[in-house]
Structure formats: structure tokens, C-alpha cells
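Colleague: Each protein sequence line maps, in turn, to chains A and B.
Residue numbering for the first sequence follows the working numbering, beginning at 1 and increasing consecutively.
Residue numbering for the second sequence follows the working numbering, beginning at 115 and increasing consecutively.
Below is one structure. I have some questions about it.
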Amino acid sequence: AQSVTQLDSQVPVFEEAPVELRCNYSSSVSVYLFWYVQYPNQGLQLLLKYLSGSTLVKGINGFEAEFNKSQTSFHLRKPSVHISDTAEYFCAVSRFDNFNKFYFGSGTKLNVKP
Amino acid sequence: EAQVTQNPRYLITVTGKKLTVTCSQNMNHEYMSWYRQDPGLGLRQIYYSMNVEVTDKGDVPEGYKVSRKEKRNFPLILESPSPNQTSLYFCASSLGRSRPGETQYFGPGTRLLVL
Numbered sequence: 001a002q003s004v005t006q007l008d009s010q011v012p013v014f015e016e017a018p019v020e021l022r023c024n025y026s027s028s029v030s031v032y033l034f035w036y037v038q039y040p041n042q043g044l045q046l047l048l049k050y051l052s053g054s055t056l057v058k059g060i061n062g063f064e065a066e067f068n069k070s071q072t073s074f075h076l077r078k079p080s081v082h083i084s085d086t087a088e089y090f091c092a093v094s095r096f097d098n099f100n101k102f103y104f105g106s107g108t109k110l111n112v113k114p
Numbered sequence: 115e116a117q118v119t120q121n122p123r124y125l126i127t128v129t130g131k132k133l134t135v136t137c138s139q140n141m142n143h144e145y146m147s148w149y150r151q152d153p154g155l156g157l158r159q160i161y162y163s164m165n166v167e168v169t170d171k172g173d174v175p176e177g178y179k180v181s182r183k184e185k186r187n188f189p190l191i192l193e194s195p196s197p198n199q200t201s202l203y204f205c206a207s208s209l210g211r212s213r214p215g216e217t218q219y220f221g222p223g224t225r226l227l228v229l
């Protein structure tokens, strides 16, 4: 069975401060990893993904994430956040042996304060 | 404009009254999928389709049906809705082509209330 854990349901942060949103997963097989962002009253859009290769991946809007296989983690980071980054962020995985099936975490609401 | 559209955007219905939520994409994508989003649970996959006439169950398929008769459309059918199907529903599509990690494009969502 797959599980994706986002331990922090809410993360408040001041504008221009760095932020890290945590994601851990459990799986009996290797996985592909994704981060999606959902702005208020909108659908989700892809921020970044890890399929293979370099464990540090860069995405849109200055976000990056690092895949750590030994810790089964895929934490999302941004060195300096803006008010416009206020949104809900979802980590997701799909398995190597069935990449058509997706498992999402419960989401982390990032609230950037002025 | 490339997009995924869902209709209706908001729906209030009563228990047992069959309903269909439509999903359409104009990007010639092979893969389409339905999710439900509930507070504290994130998104859970209901059904997905790799191509026309090819569908499979996601994590929470009970109480739902789908069909994929044409490439662009992937309707979600609730034959006998119950209050526990009150949720926010998203349709998504991606290029597919049996390649992993293709970017999913999400529709705007359909908010369903079952009384």
C-alpha cells in the first residue's frame, strides 16, 4: 500500500523568509514524485517532479525539491517566499509498476504574511 | 486555449438521484482521471483511463462509474448518490502515451452537495 504523509497541515511564514514543506512516503517499490500547488478556488498545477537522475529538482516560481531515497522524503523548499505563494501544496507519488495510479498527501496550506 | 473543462461547477442534489459530471479536454490527451478532494484527506483518485475504452479503478471507486467512448470526454457517473459523496471533484488529463510522469492538467473542479 502507498501512503504519502505531509505532517504540516499549515505553515505560516513571513514574506521573504525561507520555507520548507515536508513530504514523506512509504512504498514497497520505487516511485515517481510530484509537487502540485492549488491556489484558492482553482484546480491543481504541477510545480515540479522527480522521475530519475539528479535528486535536486527545480520547478516553477523558484521552488525546488530534493529526493532522499534513504529517508523516503521529497521536501519542497523556497529560499524567499512572496505573498503570491499563499496556496495549498500537495505532494504526490506514482509507482514504477503502475504509474497511472496516483497517491496524494493531505496537503499543506502555506500562509505568507506581509 | 488548452484546457480541461468540467460541468457543472456546482451541483446540489438529493440522495439517490442519478447524476453525471462531464469532463472534456481539448489537448488530444490519452490519459484522463477523476479525483475527489476532501478536507484533511487531500486528493484521492476515483478512476482513470489510459485511452478510449480503457479504464481502471483508483483508490476510491465505490459508488462511481466512468466511461471513455471518445478521447476528449470522460464523464463521472453517480448512479445513486449518497451524502458521503459530497465533495469537490477534479478531472485531470495528461499526454499519456504509456510514459511515466507526464504532467497532469486539472479542471476547475465541481463542488457537489448530496442532501
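Think of the CB as a built atom: it goes at the ideal place given N, C-alpha and C, for glycine as much as any other residue.
Please read all numbers here as calculations on a predicted model, not as lab measurements.
Tell me A:Cys23's beta-bridge partners as DSSP assigns them.
Modeller: None, per the DSSP bridge assignment.
Colleague: Given 8 angstroms as the limit, is there contact between the region 11 to 23 of chain A and the region 43 to 57 of chain A, that is, 3 or more CB pairs closer than that?
Modeller: No: the two stretches stay apart, fewer than three of their Cβ pairs being nearer than 8 angstroms.
Colleague: When you compare the CB positions of B:Thr136 and B:Pro195, do they come within less than 8 angstroms of one another, or not?
Modeller: It is not a contact, given that the beta carbons lie outside the stated cut-off.
Colleague: DSSP three-state call for B:Asn121: helix, strand or coil?
Modeller: B:Asn121 falls in the strand class under three-state DSSP.
Colleague: Grab me the residues of B:Val168's own chain with a C-beta within less than 8 angstroms of its C-beta, minus the 5 sequence neighbours each way, in chain order.
Modeller: Excluding sequence neighbours, B:Val168 sits near Arg182.
Colleague: Going along the chain, which residues of its own chain have a beta-carbon closer than 7 angstroms to the beta-carbon of B:Thr217, five neighbours each way excluded?
Modeller: Closer than 7 angstroms at the Cβ level, and outside the excluded window around B:Thr217, lie Ser208.
Colleague: Count the other C-beta atoms from every protein chain shown that fall within 10 angstroms of the C-beta of A:Val29, then say buried if there are 16 or more, exposed otherwise.
Modeller: Answer is exposed; the Cβ neighbour count stays below 16.
Colleague: Have a look at A:Pro12, A:Leu44, A:Ser9 and flag the residue whose alpha-carbon is nearest the alpha-carbon of B:Gly221.
Modeller: Among A:Pro12, A:Leu44, A:Ser9, the Cα nearest to that of B:Gly221 belongs to A:Leu44.
Colleague: Would you mind sorting B:Leu157 into buried or exposed? The rule is 16 or more other CB atoms within 10 Å of its CB.
Modeller: Buried, because 16 or more other Cβ atoms sit within 10 Å of the Cβ of B:Leu157.
Colleague: Which residue from B:Gln117, B:Arg211, B:Thr200 puts its Cα closest to that of B:Ser163?
Modeller: Here the closest residue by C-alpha is B:Arg211.
Colleague: Is there a C-beta anywhere in chain B that falls below 8 angstroms from the one on A:Gln45?
Modeller: Judged by the 8 angstroms Cβ criterion, A:Gln45 is in contact with chain B.
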